[in-house]
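Notes follow once the structure below has been shown.
Residue numbers (full-length UniProt numbering): 1 to 417.
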């Protein structure tokens, strides 16, 4: 019984919903047909609901809306939309009439100075003229057209003035750039010309000093007075006093260097000079040589240069001798121990070395030479045996010839490679 009741209640509920939908659809259709009836009636915006009802009250579409207030509400809504549309259409038509009238005026290329009374006679036959409702409206539109033309003309003039101003500004900027580039180019040419003149002045001044300044002992103050007397002095007029003095000092340095080189060349050629030779001993031998005479008139300067020469030779001789010791394979890390056991090993070392001029050049300082030998041997002793050759660096067979030395009481000894 309960299940049947539920089915019945559901049926009733569903049927009621369907009836509501049918009623709503029927009402919507009735309203739509009512609106269609009003459209067919060609109503004006002044038609009242009473006029409409009295004329169409017998139409079934009118009667389909049961309540009068619903009919009037639909009518009012329709009329509101109708009036709005007519207003928009009227405005659109008015705007078109206005634009057509403006086109009419534009077609005649009217001068803005003309009066309306002089213009209208030429236009009144055109349909666009007649489309404007009144003469007053035509005159008002004519004034608007003239004002707009004047504004457009002013705007065009302003744009043209702005365009001309931009062109002139661009031309001025271009002219400035050209002038700037031309000025920079001129300055660069002037700089190059000035530099060339200065270089020529330097060359002339150096040539003048080369001819007139031969002594490295010359002073600038004395030399300048002599140089002024030469006509070539004016060729260096572009140079400042400081520049001339600088060039003079460079010239003196070059002379000094050249004379020093010649003097040292003379000393190199003097075979009697050893590392212990004194200036007193050697000057008797070289004093007549032009290179000695030209170097300096001061015996003290010659002595200082000679002593510097000996010092340099001594430093070089010791460096060369150390290189000889490193090249001598006979000397090893065991040499110190062998010397401690017997002095003979040291004598053997010196016998090996005595065939080299790097050993002989230190003959004048035997004690110093032996100190260098012992210092090297002690250094090898401190460092110990050399590391064995690695697999990545296999011992290569030398292609250089090896020589042998046979000493009394020793087996065959290989010296060098």
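Ideal Cβ placement from N, Cα and C applies to all residues, glycine included.
How is residue i classed by DSSP in three states: helix, strand or coil?
i: residue 67; result: coil
i: residue 238; result: coil
i: residue 384; result: coil
i: residue 330; result: coil
i: residue 76; result: helix
i: residue 274; result: coil
i: residue 362; result: coil
i: residue 169; result: helix
i: residue 213; result: coil
i: residue 395; result: In this prediction, residue 395 scores a pLDDT of 49, lower than 50, which makes its location untrustworthy; no coordinate-derived value is stated.
i: residue 48; result: coil
i: residue 355; result: coil
i: residue 84; result: helix
Are there 16 or more other CB atoms within 10 angstroms of the CB of residue i, so buried, or fewer, so exposed?
i: residue 302; result: buried
i: residue 296; result: buried
i: residue 282; result: buried
i: residue 146; result: buried
i: residue 425; result: Outside the displayed range of the chain (1 to 417) lies residue 425, so it cannot be described from this structure.
i: residue 153; result: exposed
i: residue 300; result: exposed
i: residue 12; result: exposed
i: residue 273; result: buried
i: residue 216; result: buried
i: residue 268; result: exposed
i: residue 161; result: exposed
i: residue 421; result: No answer is possible for residue 421: it lies beyond the span of the chain, which begins at 1 and ends at 417.
Could you say which of the options lies nearest to residue i if we only look at CA atoms?
i: residue 243; options: 284, 201, 305, 279; result: 201
i: residue 106; options: 94, 43, 91, 129; result: 129
i: residue 290; options: 228, 342, 262, 205; result: 262
i: residue 208; options: 196, 219, 229, 221; result: 229
i: residue 44; options: 32, 78, 26; result: 78
i: residue 338; options: 377, 323, 369, 318; result: 377
i: residue 63; options: 37, 81, 41; result: 37
i: residue 210; options: 57, 232, 153, 155; result: 232
i: residue 357; options: 267, 124, 299, 324; result: 324
i: residue 237; options: 260, 265, 276, 194; result: 194
i: residue 346; options: 330, 65, 360; result: 330
i: residue 240; options: 270, 254, 205, 87; result: 205
i: residue 327; options: 315, 191, 349; result: 349
i: residue 42; options: 219, 17, 75, 26; result: 75
Original post:
Between the region 42-51 and the region 6-16, are three or more C-beta pairs nearer than 8 angstroms?
Top reply: no
Original post:
Is the region 269-284 touching the region 246-256, taking contact as three or more C-beta pairs under 8 angstroms?
Top reply: no
Original post:
Taking one C-beta from the region 307-316 and one from the region 327-337 each time, how about it: are there three or more such pairs within less than 8 angstroms?
Top reply: no
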